[in-house]
Amino acid sequence: MSDHPILFAPGPTEVDPELREIMAMPVMGHRAPRFLEEVLAVCRKLQALFLTQATALFENCPATGLMDASVRNLVQRRILHLTCGAFGERWLKTSAACGREADALQVEWGQPNVPQVLHQKLSSSEPFEAVAVTYSETSTGCLNALQEISAVVHEVSPDTLVLVDAVSALAGAELRFDEWGLDLCFAGLQKCLALPPGLCVYALSERALQKAAQVQERGFLLDFVRARKGFASGKTTATPNTPLVFALSRQLDRIAAEGLESRWRRHAEMLAVVSAWAAAKGFEFLVDEPHRSPAVSALRNSGRVVKDLIAKAREGGFTLANGYGKLKGETFRIGHMGDHTVERLERLLACLG
Ligand SMILES: Cc1ncc(COP(=O)(O)O)c(C=O)c1O
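Residue numbers (our numbering): 99 to 451.
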């Protein structure tokens with residue numbers, strides 16, 4: 099048995115001992131040549147992760163910081179949000195809080211956003227500067243048809259930017275930044291990247307950077323134009339969590355060694371294990387196929403008491419998550435993400451009985 103409860107929450111998730119050891123090393127100055135080198139290396143490795151030739155950077159903030167930054171850098175007036183759960187709704191609120199005109203296509207929690215509805219909306223509206231979409235909605239376990247959604251935006255409204263929250267998708271679900279025509283895509287480290295929270299990684303298209311350069315009042319820390327300029331020589335805008343940057347660098351090597359496609363496949367296999375278990379035990383998914391996230395499953399309580407399931411998991415040495423927000427008690431969530439394996443997931447499911 100592990101010396102601590104193994105985290106099967108949908109983030110933060112379990113961190114490998116090798117990475118925890120890296121984070122315990124002595125702290126280095128963030129302007130030391132060795133660190134500047136590491137920053138440049140991390141950016142190159144992030145390009146490989148996002149599958150992009152465009153700019154890939156990181157910032158010392160939670161992923162919610164990138165919701166703010168996306169709006170402040172890339173939208174002067176109008177943005178359209180696709181929401182299907184709590185995190186899409188948070189992004190919508192962020193746009194309103196930044197004083198932008200924020201329109202939305204909202205579906206019930208548990209449903210995916212529908213590309214055809216987006217097609218109609220874009221065809222019948224004045225152009226939006228950006229469309230914001232949550233790829234894997236962690237509150238419901240829904241994986242949106244991102245490639246199709248992006249294709250609709252490009253077809254109907256080619257000047258509109260495609261902004262993507264990939265927080266519980268990056269490194270767990272197929273994501274091809276260049277091929278799918280994305281303009282901004284961000285994720286925290288605490289989900290499929292299996293590191294502690296603290297940094298947010300993101301990719302930015304050239305046209306997104308051009309747009310940002312025209313927008314006034316982008317703020318300071320999360321100014322994309324300033325960030326890209328500094329990162330060209332490995333200089334972060336402010337003082338980052340240096341041990342976490344080294345751990346990220348190592349984790350990106352580990353992901354490359356596993357192979358991105360193998361990693362996506364491992365996540366899909368874990369979803370298949372949960373699906374088979376749920377079917378056998380009479381638990382219903384909140385989301386129908388083929389929109390289930392390979393990283394997080396939200397299951398209806400199906401007549402069971404969620405608190406009891408969580409307690410059973412804890413007795414077996416695992417941490418499970420309750421439903422998010424209004425789904426608390428009605429659903430529970432399994433975060434089969436990051437460095438978890440089918441074998442470890444099966445051990446968790448076995449202890450739920
Ligand atoms: C899909 C999604 N977006 C955004 C966030 C916010 O991330 P953070 O807590 O790092 O700001 C989360 C966190 O769970 C998330 O799951």
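Using N, Cα and C, we set each Cβ at its ideal position, and we do this for glycine too.
Range of the contiguous alpha helix (DSSP H) that encloses residue i
i	result
G328	322-329
L216	213-221
H365	358-379
V140	131-148
L117	115-121
A448	440-450
Residue i to residue j span [Cα, whole Å]
i	j	result
A243	R412	34 Å
R390	G357	22 Å
L443	H217	39 Å
F133	K424	43 Å
E428	D386	17 Å
Q151	G197	33 Å
Y233	S347	24 Å
L280	L149	11 Å
A409	S255	50 Å
E382	C449	19 Å
L446	H365	16 Å
G186	H128	34 Å
E95	T153	This structure does not reach residue 95, given that the chain is present from 99 up to 451, and the question cannot be answered.
V229	N420	30 Å
Q209	A271	18 Å
Which of helix, strand or coil DSSP assigns to residue i
i	result
F185	helix
E199	strand
H179	strand
C290	coil
E235	strand
T153	strand
C159	coil
T417	strand
L241	strand
Q314	coil
L268	coil
R390	strand
A285	strand
K426	strand
L105	strand
Residue i: first and last residue of the uninterrupted beta strand (DSSP E) it sits in
i	result
T232	228-232
A301	298-302
S395	394-398
F430	429-433
D263	259-263
For residue j and residue i, believed in contact at Cβ under 8 Å, the rounded distance
i	j	result
L273	A267	6 Å
L369	H434	7 Å
F226	T258	5 Å
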